[in-house]
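Written out below as structure tokens is the structure these notes cover.
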Amino acid sequence: MSGFRLRPHGPFRGDWRRRTGPRAAGITALCWLARLAVRPKPPEGRPLPPNPRLSALVIKPLALGDVLRATGFTAALRHGLPGADITFAVGDYAAPALANNPHIDEIMSMGMLGTPRRYDARQYLTFVRRIRERRFDAAFVLDRSPAMALLPYFARIPYRIGLDSRLRGFAHTTRLPVGMEDSEVQTYRRLARVAGLDPTADACVFRPTQEDVAVARRLAEEFELGSAALRVVIAPGGGVNPGAVDVTKRWPAEQFAAVADWLIQRRGARVCLVGTASDSPSIAAMLRAMTQPALDLVGRTTFGQLGALIAGSDLFVGNDSASAQLAVGVGTPSVAIFTATEPWIYGSDTPRGVSVYTGGQARGLGGPPPIDMVTAAIRRLLADRTGARGSSQGSGEWQPPASD
């Protein structure tokens with residue numbers, strides 16, 4: 000036994016939220032058995048207590064893009080219960096998606112809890128004790144995992160509202176049945192209705208801080224972005240998160256290069272390439288393929304600073320990634336390119352957030368979309384620009400976003 004070693008699991012490859020196979024089937028069977036024994040009902044037959052100043056816990060551990068989508072729900076929660084005390088429990092990696100959010104009173108760190116293959120029973124039970132001590136009135140679980148659904152049950156939170164995917168929400172007092180192909184944004188709106196709240200039109204919400212805006216302004220001044228006819232941010236990476244890797248989500252770097260060259264030559268654009276260290280190979284390949292100069296800002300911004308930079312730009316182009324959700328959150332016209340994930344599930348439904356893909360829900364996703372589909376989507380977005388963002392084009396002044 001001296002040579003025996005436990006090897007840690009590597010990151011899950013693909014979309015871990017939609018796993019199938021023997022393990023997933025076994026979890027479903029266990030949840031079905033648990034539902035026979037655990038049949039909670041909402042106290043007094045209502046989803047929420049009649050207390051406008053209730054203390055609410057929202058649980059969504061990861062990832063950055065998913066947590067950004069969940070901010071549409073917290074907006075509905077705040078608008079419906081303006082006097083409530085709202086705490087959002089989130090993993091450390093995804094916490095930047097909530098920084099400076101106007102609808103949340105407190106961010107509670109979950110560490111690595113909720114990240115596939117990255118936490119143990121001790122961490123789980125410690126977190127249960129933490130939220131039990133807070134004595135929350137209600138919990139909203141915006142995650143399909145049965146482990147996350149059981150957190151407020153073990154913490155004895157009386158009102159538990161959440162998603163019920165493949166019987167995994169058996170511990171909730173109010174359950175919203177969700178299917179494998181349901182839109183994430185629409186699911187959160189439906190959950191708001193189930194809880195007796197009016198859903199907002201917000202697909203997601205992000206507010207850069209004043210410090211984020213100051214950094215973005217300095218970058219704009221350093222690279223003279225204000226003098227450009229069109230300010231464009233392109234993120235050719237994505238698909239890498241703690242516990243999950245799916246780089247098949249990336250559109251080919253050479254095709255991104257062709258779109259960037261077209262924007263520069265035809266539209267007089269100043270193009271900024273953004274991403275983290277894991278995106279460096281895609282950005283380097285894109286720069287090699289380009290015939291026009293672009294700004295390489297990889298690793299130059301935090302998540303909030305990137306949000307401020309995108310908010311002050313005229314257009315965002317990228318893969319299905321957290322950066323694309325960030326563009327939706329700050330209201331910048333954006334094109335999200337889908338190659339391996341379903342836009343009808345993960346895409347935005349706002350007019351400013353366009354999803355480009357081939358295939359369809361009935362027959363499945365096709366291959367990577369051609370370049371002309373992407374440029375056509377860009378033309379439509381730029382033609383539709385109105386108001387302050389449109390009037391600032393070519394003004395020689397970089398327009399900073401609003402901050403709270």
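Here the sequence shown is numbered in numbering that gives the first Met the number 0, starting from 0 and rising by one per residue.
Virtual Cβ for every residue (Gly too), placed ideally from N, Cα, C.
Looking at the DSSP output, Leu294 shares a beta bridge with Cys271. With a contact defined as Cβ atoms closer than 8 angstroms, Leu262 and Leu229 qualify at about 7 angstroms. By the neighbour-count definition (other C-beta atoms within 10 Å, threshold 16), Met109 is a buried residue.
Non-local C-beta neighbours of Thr73 in its own chain, meaning closer than 8 angstroms and more than five positions away in sequence, comprise Val57, Ile85, Phe87, Asn100, His102, Ile103, Val204, ordered along the chain.
In this structure the stretch 125-142 does not touch the stretch 325-339; the number of beta carbon pairs closer than 8 angstroms is below three. Annotated as distal: Val193 and Ile156, with beta-carbon spacing of 9 angstroms or more.
If you compare the alpha carbons of Pro145, Ala137, Arg22, Gly20 with that of Cys30, the shortest gap goes to Pro145.
Runs of the beta strand (DSSP E) lying entirely within the stretch 33-102, each at least 3 residues long, are 54-58, 84-89 in chain order. Put simply, of Leu286, Asp197, Ala94, Pro198 the residue whose alpha carbon is nearest the alpha carbon of Gly236 is Leu286. Under DSSP, Pro367 forms no beta bridge with any residue. Comparing alpha-carbon positions, the option among Arg165, Gly71, Val232, Pro46 lying closest to Leu305 turns out to be Val232. Considering only Leu150, Gly363, Glu183, Ser182, the residue with the shortest C-alpha distance to Arg167 is Leu150.
Separation of Tyr92 and Ala321 (C-alpha to C-alpha, rounded to the nearest whole angstrom) is 12 angstroms. Taken atom to atom, the span from the alpha-carbon of Gly238 to that of Val66 is near 15 angstroms.
Every alpha helix (DSSP H) stretch that sits fully inside the stretch 317-348 and reaches 4 residues is listed by chain position as 321-329, 342-345. A direct Cα-Cα distance of roughly 11 angstroms separates Arg38 from Leu32.
Counting along the chain, the unbroken alpha helix (DSSP H) around Pro145 starts and ends at 145-153. Arg68 is not a Cβ neighbour of Glu180, given a cutoff of 9 angstroms. If you ignore the 5 residues before and after Gly366, its C-beta comes within less than 7 angstroms of the C-beta of Thr357, all in its own chain and listed in chain order.
Counting only the Cα atoms, Asn240 lies some 15 angstroms from Lys59. Counting C-beta atoms within 10 angstroms of its own C-beta, Asn50 has fewer than 16 neighbours from the protein chains shown and is therefore classed as exposed. In this structure, DSSP gives Pro235 a state outside helix and strand, which the three-state scheme calls coil. In the structure shown, the three-state DSSP call for Arg265 is helix. The residue from Ala361, Gly113, Thr275, Ala376 with its alpha-carbon nearest to that of Ala243 is Gly113. Taking the Cβ atoms as the reference, Ala376 lies roughly 5 angstroms from Val353, within the contact range of under 8 angstroms.
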